[in-house]
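Going by our numbering, the sequence shown wraps up at 372, each residue one higher than the last. Data block below; observations after.
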Amino acid sequence: RDPAMPSVLSVAAGVATAAAAAVAAKLLADRLRETSDEPLGLHPTQYRPVALQETVWVAEGVLLLVFRVPGGRALDLPAGKHVQLAFDDADGERVSRSYTPTESRIAGRFDLLVKVYPGGRMGEKLASLKPGDTVLARGPTGRLAYGPGKFTLGKAVTPCRHILMLAGGTGITPMAQIVKAVLQDAQRDRTKLLLLYASSRPEDVLLYHELCALATVHRGQFKLVFTVSKASEAWRARAKDPHSAAAHVEGRMSAALVRAHAPAFLGQRPFPEWAVAGYCGPPAFEECAKGVLESLGFASAGMVNLFRW
Numbered sequence: 064r065d066p067a068m069p070s071v072l073s074v075a076a077g078v079a080t081a082a083a084a085a086v087a088a089k090l091l092a093d094r095l096r097e098t099s100d101e102p103l104g105l106h107p108t109q110y111r112p113v114a115l116q117e118t119v120w121v122a123e124g125v126l127l128l129v130f131r132v133p134g135g136r137a138l139d140l141p142a143g144k145h146v147q148l149a150f151d152d153a154d155g156e157r158v159s160r161s162y163t164p165t166e167s168r169i170a171g172r173f174d175l176l177v178k179v180y181p182g183g184r185m186g187e188k189l190a191s192l193k194p195g196d197t198v199l200a201r202g203p204t205g206r207l208a209y210g211p212g213k214f215t216l217g218k219a220v221t222p223c224r225h226i227l228m229l230a231g232g233t234g235i236t237p238m239a240q241i242v243k244a245v246l247q248d249a250q251r252d253r254t255k256l257l258l259l260y261a262s263s264r265p266e267d268v269l270l271y272h273e274l275c276a277l278a279t280v281h282r283g284q285f286k287l288v289f290t291v292s293k294a295s296e297a298w299r300a301r302a303k304d305p306h307s308a309a310a311h312v313e314g315r316m317s318a319a320l321v322r323a324h325a326p327a328f329l330g331q332r333p334f335p336e337w338a339v340a341g342y343c344g345p346p347a348f349e350e351c352a353k354g355v356l357e358s359l360g361f362a363s364a365g366m367v368n369l370f371r372w
């Protein structure tokens with residue numbers, strides 16, 4: 064699969080169509096709720112069954128799942144929050160895992176991207192589901208939340224004017240949630256964003272078109288860098304495209320790669336109090352990303368500005 068860059072006009076048209084569909088879906092959901100005894104949405108501490116609507120394999124070992132929201136409402140998860148799924152295995156042991164939806168604003172549904180690992184109990188359970196099957200869900204979960212220009216962790220509030228994000232694999236989902244929260248409120252929230260997203264191959268890049276569309280519309284606010292370990296000739300050609308809103312590079316996540324794209328102010332001392340960073344991905348990636356961000360100065364002098372999402 065070789066992703067193609069969308070045009071600005073197609074992006075705008077898509078946004079308008081999606082907005083109209085969302086309004087119509089909300090009106091329909093409101094009418095359904097008036098006559099339904101089904102619980103509305105999810106509960107933060109109590110599990111409720113959610114039914115699978117559809118599944119699509121979007122990359123090797125990566126499954127997109129669309130679940131129905133009880134009562135037909137939109138989840139509208141605050142940025143930084145998650146949904147926890149659970150099921151009871153054959154021995155009666157409860158298996159649970161938290162995921163960040165890639166979509167939670169549309170009435171009646173929420174979407175998850177899940178990496179299915181061999182032997183992974185939750186992933187294999189989700190991959191076995193058929194439309195109409197159910198799992199348990201609760202939410203929102205998680206202590207971290209983002210609001211315009213600030214992160215809240217418990218009672219601690221960290222103001223931010225710049226967010227640096229390092230993502231690997233399906234670790235892109237919480238980053239995309241933050242990016243969309245900022246840019247959907249861009250007239251009020253002027254927080255600058257830098258996202259470096261690492262994948263093995265071009266065909267493993269998730270949410271490519273959506274991220275490129277956001278980078279195209281918000282060039283002055285959102286800087287996007289894709290890096291792959293094994294680049295194709297088409298990828299190398301795209302790296303030379305002067306019109307691309309995203310950088311396409313080759314190589315693993317490293318301190319040198321991040322420093323090549325990070326803003327100069329991260330070298331200032333004392334370290335800027337308004338700079339925040341986050342990382343998410345497979346365990347080996349997270350170990351590398353955390354070390355890179357700490358080497359840049361995040362989490363120094365007791366500052367609460369480095370998050371594992």
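For glycine and all other residues, C-beta sits at the position ideal for the given N, C-alpha and C.
CB residue i to CB residue j, shorter than 8 angstroms?
i           : j           : result
residue 291 : residue 265 : yes
residue 107 : residue 203 : yes
residue 227 : residue 216 : no
residue 116 : residue 172 : yes
residue 344 : residue 232 : yes
residue 176 : residue 269 : yes
residue 310 : residue 359 : no
residue 199 : residue 126 : no
residue 225 : residue 255 : yes
residue 248 : residue 212 : no
residue 302 : residue 275 : no
Apply the 10 Å Cβ neighbour rule to residue i and answer buried if 16 or more other Cβ atoms are within range, or exposed otherwise.
i           : result
residue 323 : exposed
residue 23  : Nothing in the structure corresponds to residue 23, since the chain is present only between 64 and 372.
residue 285 : buried
residue 152 : exposed
residue 219 : exposed
residue 234 : buried
residue 180 : exposed
residue 319 : exposed
Using only the alpha-carbon positions, how far apart do residue i and residue j sit?
i           : j           : result
residue 158 : residue 150 : 5 angstroms
residue 312 : residue 223 : 28 angstroms
residue 282 : residue 154 : 52 angstroms
residue 321 : residue 355 : 8 angstroms
residue 377 : residue 246 : The chain is shown only over 64 to 372; residue 377 falls outside these bounds and no answer can be derived.
residue 166 : residue 328 : 33 angstroms
residue 163 : residue 299 : 31 angstroms
residue 293 : residue 267 : 10 angstroms
residue 146 : residue 161 : 6 angstroms
residue 110 : residue 104 : 11 angstroms
residue 129 : residue 243 : 19 angstroms
residue 183 : residue 122 : 17 angstroms
residue 372 : residue 134 : 29 angstroms
residue 391 : residue 361 : A question about residue 391 goes unanswered here, because the residues of the chain that appear run from 64 up to 372.
residue 297 : residue 304 : 11 angstroms
residue 113 : residue 209 : 26 angstroms
residue 250 : residue 277 : 14 angstroms
residue 347 : residue 131 : 33 angstroms
Leaving out five residues before and five after residue i in sequence, what residues of the same chain have Cβ atoms less than 6 angstroms from its Cβ?
i           : result
residue 229 : 259, 342, 352
residue 262 : 268, 291
residue 365 : none
Using a Cβ-Cβ cutoff of less than 7 angstroms, which residues in the same chain neighbour residue i once the five nearest sequence positions on both sides are dropped?
i           : result
residue 315 : 261, 292
residue 367 : 216, 219, 221
residue 331 : none
If we cut at 8 angstroms on Cβ distances, does residue i have a partner in chain D?
i           : result
residue 125 : The structure shown has no chain D; it contains just one protein chain.
**At least three beta-carbon pairs within less than 8 angstroms, the segment 134-144 to the segment 189-200** = no
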